[in-house]
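Structure record follows, encoded as structure tokens.
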Amino acid sequence: MIAKRTARLTTLMALPAALALAGALPAAAHTGGHSGSHQAAAEDGSYQVDLEQLNGSGASGTAMLTLKGRDLNVKIEASGLVPGQPHAQHIHGSTDGHDFHCPDASADKNGDGVVSTAEGLPSYGDINISLTTKGDTTKKSGLDVTRMPVADKDGKVSYERVITVSQKVADHLKDLHVVQHGIDTNGNKKYDFNKGKSELDPKLPQEATAPASCGMLAGAAVGSMPVGGVETGSGGTQGVEAPGMLAGGAAAVLGAGALGALAVRRRRSADGLR
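At the far end of the sequence shown sits residue 289, using my numbering, and the numbering has no gaps.
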């Protein structure tokens, strides 16, 4: 009888300790979740970007960005772009907490009716990812039109690619946005110099590098892509004035991007902003 009571007492005394241990296990797992890999997993999901026109381009579209770890699947369906022309496209913004956004007409500082790439950079920030159809996706490929999607005869672009991104991009994806470039201000369905030379390279027309659309990430799984096949930029560059120089302008856009982002950081620092 004494042995049974002793065994029962031992069991009851052990129960609170077991419960406390069980309660501590989820907490320990949660605490361990502060590693970089867990942060990336916490950001997994699909995000919709509604592309809205800039510079009266008439361009619009939808991008879906789906993140799994560091693999980013980018799908874009856009219309209203310059038919038969390559359209440079990028993911812009900061992974350091700076508040960039899509520009509006007030960004046209010289009053020529076009928000140029350089005028837009202080708003939308430097290039994080170049949305090329193949090969390099760094900002070095920012204007490599040989690997950018080409709009079809109706001005539509369908694009899909899976890109492995940095951990900083994975952690700050919600802070970024999509910009497409290339406008046709005089309606002749090609890039020309009617709006002058690009500030990125005087051999380039302004139309070829000016932003056509921009969109901010809008949240998790809030939309779906249109149904249909995906093209990844087949086609030539017929109608592009000095197409070889477009690719050569990549270094220029990077320099302008860095200067624009640096100016914003300095201005925000002066204002006491982070």
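Don't be surprised by glycine CBs; every beta carbon is placed ideally from N, CA and C.
First and last residue of the uninterrupted beta strand (DSSP E) at residue i
{"i": "Gly60", "result": "60–68"}
{"i": "Val165", "result": "Per DSSP, Val165 belongs to no beta strand (DSSP E) and is neither H nor E."}
{"i": "Val160", "result": "Looking at the DSSP string, Val160 is not in any beta strand (DSSP E), and its letter there is neither H nor E."}
Spatially closest choice to residue i from the options, by CA coordinates
{"i": "Asp199", "options": "Gln68, His116, Ile178, His105", "result": "Gln68"}
{"i": "Thr152", "options": "Asp169, Asp186, His107", "result": "His107"}
{"i": "Asp86", "options": "Gly135, Gly211, Lys205, Glu175", "result": "Glu175"}
{"i": "Asp111", "options": "Ile178, Ile91, Gln182, Ser75", "result": "Gln182"}
{"i": "Val97", "options": "Gly150, Val64, Asp59, Lys171", "result": "Lys171"}
{"i": "Ala74", "options": "Lys218, Lys212, Asp169, Val184", "result": "Asp169"}
{"i": "Ser173", "options": "Ala78, Asn70, Pro118", "result": "Ala78"}
{"i": "Asp127", "options": "Gly211, Pro217, Lys218, Cys117", "result": "Gly211"}
{"i": "Asp119", "options": "Asn70, Tyr62, Val184", "result": "Asn70"}
Strand pairing of residue i, partner residues [DSSP]
{"i": "Lys212", "result": "Pro220"}
{"i": "Ser173", "result": "Glu92"}
{"i": "Thr179", "result": "Asp86"}
{"i": "Leu191", "result": "Bridge partners of Leu191: none, in fact."}
{"i": "Leu232", "result": "Val64"}
Unbroken alpha helix (DSSP H) run spanning residue i, endpoints
{"i": "Thr77", "result": "Careful: Thr77 lies outside any alpha helix (DSSP H), inside the beta strand (DSSP E) at 75–83."}
{"i": "Val184", "result": "182–186"}
Cut-off 7 angstroms between Cβ atoms - residues of its own chain near residue i, not counting five sequence neighbours on either side
{"i": "Ser109", "result": "Phe115, Gly140, Asp190"}
{"i": "Ser131", "result": "Glu214, Gln221, Ala225"}
{"i": "Gly76", "result": "Leu66, Ile91, Glu92, Ala93, Ser94, Ser228"}
{"i": "Leu36", "result": "With a pLDDT of 32 at Leu36, under the threshold of 50, the modelled position of this residue cannot be trusted; read the value that follows with caution. So the list is empty, once near-sequence residues are dropped."}
{"i": "Val180", "result": "Arg85, Leu87, Ile144"}
{"i": "Ser72", "result": "Gly95, Ile198, Ala227, Ser228"}
{"i": "Thr147", "result": "Ser156, Asp159, Arg162, Met163"}
{"i": "Lys149", "result": "Arg162"}
{"i": "Gly51", "result": "Reliability of the predicted coordinates at Gly51 is poor, the pLDDT of 33 falling under 50, and the value obtained from them is presented with this limitation in mind. Same-chain partners within the cutoff: Gln182."}
{"i": "His105", "result": "Ile142, Ile144, Ser145, Leu146, Gly157, Val194"}
{"i": "Ile178", "result": "Leu87, Val89, Ile144, Thr152"}
Same chain only: Cβ atoms within 6 angstroms of residue i, ignoring 5 sequence neighbours per side
{"i": "Ala103", "result": "Leu158, Met163, His196"}
{"i": "Ala122", "result": "Val130, Glu134, Gly135, Ser138"}
{"i": "Asn201", "result": "Asn209"}
{"i": "Asn203", "result": "none"}
{"i": "Val64", "result": "Ala78, Val193, Gly230, Leu232"}
{"i": "His187", "result": "Thr110"}
Cut-off 8 angstroms between Cβ atoms - residues of its own chain near residue i, not counting five sequence neighbours on either side
{"i": "Lys124", "result": "Glu134"}
What are the start and end residues of each continuous alpha helix (DSSP H) run of 4 or more residues lying completely inside the stretch 81–144, in chain order? Taking only runs of at least 4 residues, the alpha helix (DSSP H) segments lying wholly in the stretch 81–144 are 132–139.
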